[in-house]
Structures are given as structure tokens and as C-alpha cells.
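In our numbering, the protein residues as written are 1205 to 1764.
Yeah, the Cβ is synthetic: ideal placement off N, Cα and C, and Gly gets one too.
Each remark here refers to the structure printed beneath this line.
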């Protein structure tokens, strides 16, 4: 489906949902009038007022999302007035108060558009998926650097990580090049010897370059405040000081591309307003996220375990259970202590919002919320949560899972493979003679070698595969639903491509190889994850003893 088709499909579905909302509104307004008619000016009115307040609260939260902003505002006024009545010690509405309420409820119908409004020409860019480069081609990195020696060295380093590097000696050369094509990432030296202002100042006046839409990283030998601020204003995703820490720079580039190719963000919506929940689901789905609505609160923990949301949007007031009850329930489970929970409610009382956030949630968004704000809020919170998760579970040099995390993943996937009756293959990879690299060229170059195999693994394996750094120069790859034959083919491809990489240190060029040990769960139907890792490790050492730069597979020892 093209972008235009996606936009039109979203417009059509949102228009249908809004039409359904407007179709049901007369019945809802009639129900409000019927409830109001039951008021008798007695203490027993409390139950009727409670239901009126709940229904008005729902209208206040949903109306704005369906083009009925006046309805939302009017319903909020009524909800708050009823709340003040319910807060009184004694409840006995006089005839004037009851008549005022009847008039105001009758007036709600005048805030509803007479007919369905035409949808906007197109959804705002903020609710559409972000543009991402294709993942099945070599990624292009353009480097703007007038120091020829540095440009050559950095270009060679980046090419070792399978990036296609093109070097420019200035902004003018870059401007000419972008007329015919564009890169996947720009690396620009802040201080170019062009007899002009620094590169950040020049880029402010280059709309063609700003319109590229690709990630931007600045390199600089000066850590000055104006350049850093301009870099932020230009949307830079990195600012690296010279002399360059190349492994860190390459790691940041790799992270940027990974983020752009990351799995869809997952959002769980817990709201008893079915139309509004469906509206939010459609908007988030159209923005490239995976959104699911939960309308049965008792199933919340099973849903979280199966769906694994990265954000929970929770209504605060629901008929059977309050949002604070469900948030507290989630926090009882250690695995979900860090799961972001955001209340999404029409509640405007700041003290109640603060009290609610003190009971298990991380933030509070007020209904009605615009589609653009909803998408932006979800994206930013999930992005931060992913960054935190990476800090906790991933190796700082390579961005791969740490030792404990990859072991846990291996065990989990072996159990899953047994449950679904499909094979999983585990592989252990080790850089041959790595100590010689560190001794001859230093640990900084050794880090480049380590990062290169990490990058290669990410590039050559599937998105569903799981990779971790097991030790110093040892790695583990978990390949779900992959038999031994296919796993060997993929691993051999990685081994050959790594052996073909060239590394540079001053004037010295060298290469490295890896040895691989693999094991398939189909050959060990009764063994668990730790046992299979032991078998893969033994196969790895057979590869080492056999001459290195080869792949060995583990097989059970026949019983005598």
C-alpha cells in the first residue's frame, strides 16, 4: 500500500468511527436526560448523580477526539458541578438546581455538529509512520571532512562495517550531490576550512540539506556552546569530539540505524469507552505502532504477558475497576515494575492527577487529546523506555545483550521451541587469536574488531534472531524456528564475510577470523537452554582445535 493509500484508508476509517459516534450520541444524551429526570431533591439522588457524572466524564474525554470540542467542554462543566454536589456532606438539590441541570443537559445537543464534518484533507504527518530506509541494501554514509587523511581513515573504518562511504571536502560539494541522490546518514565536520562560518551555521541556511530527512552527526575539535546548540536545532543525533573515538562513533551510527529498523512500538489501551479506544488504536496503528484495546480488566495480566506492551495507556475512571487499581496490580509483578503506565483521562483536577500518579503510573495525559499529541507522547515514552532497557540489558560497546540476558533468552527460546514443536539453533562465535590483536594494535583497535562482528551479526541475521556478547570476544546467537541446515548456511556466510573485512592501524592492514560452534534443539529434544549452550561451547572448541576459521556442529554422544 502506498503512502497516499494509507492516508486515505486512515481518513476513511476515522470518518466511519466518527459517524458511528455521532449516530450514538442522541441515545447517550437521551439517557442523560432520563437520569436527570429521576432526581427528586433527596439524599437518594447520590446514586443517580454518580452515574450522571460517570457518563459526563466519558463525554468530556471523547467528544474532542470526534470533532465535538464544544460537547467536551460543556460536559466537563457539568461533570465538575455534579462533583461539587457529591462532595457536600448533605445532598438535597433544590428545584432551581435540578432545573438548571435539566436545561444544561438539554443544551448539550446544541453543541453537536448537525452533520458529520468532512475529514481533513490528510492526516497530520505526526500520525503517519516515520520514513525509514530500506533494510535490504547497503546503507550510505556521507562524510563531509576537508582533512583528507582523517577522511580516508574514517572512511576505511566505516567501510569495514559494511557501510558505503562517500567523502566530500565541503558543504558546497555536498549541496551539489544531494540534487541527484541522498544518503542514509550524514557525518559533518563542524569546522571546515572554507573561509566561512562553521558548518552548523552554514547548514541553518541550507533548506535542501535540512529537507533530506536523514540522521545527522557532527564531528568537532571544539566543544563550544553555540555549535552544540545549533547542532540540536538542526536535529543532530550525535556530536563527537576529536580525536575521534571511532568505536563509539560506529556504535552510535549502528544504534541510529537499529532504531530506524526497530520493531513496531507496542501500546496497550485500557479504556471502557469502546469508540474512543478504537479511535486511539486506529491512530496509533496508522503511525506504525502495534496497538491493542483491552475491554476486560480482569484479563490485564494475561494480556500483558502475551502482548508484551511497551506502554500502557490507562483510563482513570472505569465502571468496575479504577485505573489506579489496575496500575497497582501491574506493579505487584516484578517483571513489570519498569513498564511505562500513563493515565489518559478527562480528569482536570491537578491534585487528583498527582494522587493518581502516586499509585503506579508515570505520567498523566488529559482527554480530549489530539491525534498528533497521542502519537508523539506514545513514541517518546516508548523510545525512552527502550533506551533504559538497553542500558540495563545490553553491552555498552556492542549494543548486544549482556551475558545474563542472552543466557535467559536462549533458555526462553528453547522452551518455546519445545512448546510449538519447531527447532531453535544456538551458536557460539569466538574471534580467533584476539589477544594478538590487542597486543599488536591496542585495545582501541580490538574494540573496533569486536564491534565489527557485532555489526555483522546484526546485518546478516534476521530481526527475530537474538544476539548477545557472552564474554570478551565471544558471542552467542539464538536463531528461533531455524533448523541446523539453514543455520549452518547463515553462520558460514557470516564467517566468510567477517574474514573478508580489512582493519587498519596507521599503515598496517590486517584481517581476523572467527570460529563457530552450533547446536540445534532438534538433536537434543530433552535438553534445556544451559545444556545446549554447553554443547555449542564444546563444538566451538572443536572448531578451535581443528584449525579455527570454521563451523562445527554439536551432536549427542551415542549411548553404549
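(message) Less than 8 Å between the beta carbons of residue 1222 and residue 1271, yes or no?
(response) Position 18 of the chain shown, counted from the start, is the residue given in the question as residue 1222. Position 67 of the chain shown, counted from the start, is the residue given in the question as residue 1271. Yes, the Cβ-Cβ distance between residue 1222 and residue 1271 is below 8 Å.
(message) I'd like the ranges of any beta strand (DSSP E) spanning at least 3 consecutive residues and lying wholly in the segment 1608–1643.
(response) 1628–1635
(message) I'd like to check one pair, residue 1394 with residue 1423: are the Cβ atoms closer than 8 Å?
(response) Indexing the chain shown from 1 puts residue 1423 at position 219. Indexing the chain shown from 1 puts residue 1394 at position 190. A contact, by the Cβ cut-off of 8 Å.
(message) Quick check for students: name the residue ranges of the beta strand (DSSP E) that lie wholly in the segment 1433–1475, counting only runs of 3 or more.
(response) 1442–1445 and 1470–1474
(request) Take the Cβ of residue 1458 as the centre, count every other Cβ of all protein chains shown within 10 Å, and call the residue buried at 16 or more, exposed below. (result) Walking along the chain shown from the start, residue 1458 turns up at place 254. By the 10 Å Cβ count, residue 1458 comes out buried.
(message) On a Cα-Cα basis, can you pick out the residue from 1650, 1678 and 1646 that is closest to residue 1661?
(response) Here residue 1661 corresponds to residue number 457 of the chain shown, with the count starting at 1. Measuring from the Cα of residue 1661, the nearest candidate turns out to be 1678.
(request) Confirm, please, whether the CB-CB distance from residue 1629 to residue 1716 is below 8 Å. (result) In the chain shown, counting from the first residue as 1, residue 1716 sits at position 512. In the chain shown, counting from the first residue as 1, residue 1629 sits at position 425. No; because the gap between Cβ atoms is not below 8 Å, this pair is not in contact.
(message) Suppose contacts are defined by Cβ-Cβ distances below 8 Å. Is residue 1240 in contact with residue 1309 by that definition?
(response) Residue mapping note: residue 1240 aligns to position 36 of the chain shown, counting from 1. Residue mapping note: residue 1309 aligns to position 105 of the chain shown, counting from 1. Contact flag set, yes.
(request) Leaving out five residues on either side along the sequence, give the residues of the same chain with a beta carbon under 7 Å from the beta carbon of residue 1696. (result) By one-based count along the chain shown, residue 1696 stands at place 492. Excluding residues within five positions, the ones whose Cβ falls inside 7 Å are 1755.
(request) Drop a sphere of 10 angstroms on the beta-carbon of residue 1567, count the other beta-carbons inside from all chains shown, and report buried for 16 or more, exposed for fewer. (result) Reading the chain shown from its first residue, position 363 is the one you call residue 1567. By the 10 Å Cβ count, residue 1567 comes out exposed.
(message) Less than 8 Å between the C-beta atoms of residue 1256 and residue 1312, yes or no?
(response) Counting from one through the chain shown, the residue named residue 1256 turns up at place 52. Counting from one through the chain shown, the residue named residue 1312 turns up at place 108. Going by C-beta atoms, residue 1256 is not nearer than 8 Å to residue 1312.
(message) Just verifying my parser: in three-state terms, what is the DSSP assignment at residue 1746?
(response) By 1-based counting over the chain shown, the position of residue 1746 is 542. Residue state, collapsed to three classes: helix.
(request) Specify, as a first and last residue, the run of the alpha helix (DSSP H) that residue 1524 falls within. (result) Within the chain shown, residue 1524 is the residue found at index 320, counting from 1. Premise fails: residue 1524 is in no alpha helix (DSSP H) and is neither H nor E.
(request) May I ask you to report which of helix, strand or coil DSSP gives residue 1479? (result) As a first step, residue 1479 must be located in the chain shown, where it is residue number 275. If DSSP states are grouped into helix, strand and coil, residue 1479 belongs with the helices.
(message) For the pair the segment 1740–1755 and the segment 1709–1729, tell me if three or more CB-CB distances fall below 8 Å.
(response) yes
(request) State the CB to CB distance for the pair residue 1614 and residue 1694, rounded to an integer number of angstroms; the pair is presumed to be in contact (CB under 8 Å). (result) Position 410 of the chain shown, counted from the first residue, corresponds to residue 1614. Position 490 of the chain shown, counted from the first residue, corresponds to residue 1694. That belief does not hold up - the Cβ atoms of residue 1614 and residue 1694 are roughly 17 Å apart, past 8 Å.
(request) Using three-state DSSP, classify residue 1498 as helix, strand or coil. (result) Locating residue 1498 in the chain shown gives position 294, counting from the first residue. Reduced to three states, the DSSP call for residue 1498 is strand.
(message) Report the start-end ranges of each beta strand (DSSP E) in the segment 1265–1304 that is 3 residues or longer and not cut off at the edges.
(response) none
(message) Measuring only the C-alpha atoms, how far is residue 1582 from residue 1499?
(response) On the chain shown, position 378 is the one that residue 1582 refers to. On the chain shown, position 295 is the one that residue 1499 refers to. Looking at the two C-alpha atoms, the distance is approximately 20 Å.
(request) Could you check how far apart the C-beta atoms of residue 1547 and residue 1520 are, in whole angstroms? I think they sit under 8 Å. (result) By one-based count along the chain shown, residue 1547 stands at place 343. By one-based count along the chain shown, residue 1520 stands at place 316. Indeed, because the Cβ distance is near 5 Å, the residues count as touching under 8 Å.
(request) Please name the residue, chosen from 1690, 1354 and 1476, that lies closest to residue 1709 on a Cα-to-Cα basis. (result) The residue given as residue 1709 occupies position 505 in the chain shown. Of the candidates 1690, 1354 and 1476, the one whose C-alpha sits nearest the C-alpha of residue 1709 is 1354.
(message) Alpha carbons only, please: which of 1512, 1501 and 1558 is nearest the one belonging to residue 1495?
(response) Residue mapping note: residue 1495 aligns to position 291 of the chain shown, counting from 1. Answer by Cα proximity: 1512.
(request) Sort out for me which residues DSSP pairs residue 1370 with in a bridge. (result) On the chain shown, position 166 is the one that residue 1370 refers to. DSSP, once it has assigned bridges, lists 1346 as partnering residue 1370.
(request) Identify, in the order they occur along the chain, each residue of the same chain with its Cβ nearer than 7 Å to the Cβ of residue 1762, setting aside the five sequence neighbours on each side. (result) For the purposes of this step, residue 1762 is taken as residue 558 along the chain shown, with counting starting at 1. Same-chain partners within the cutoff: there are none.
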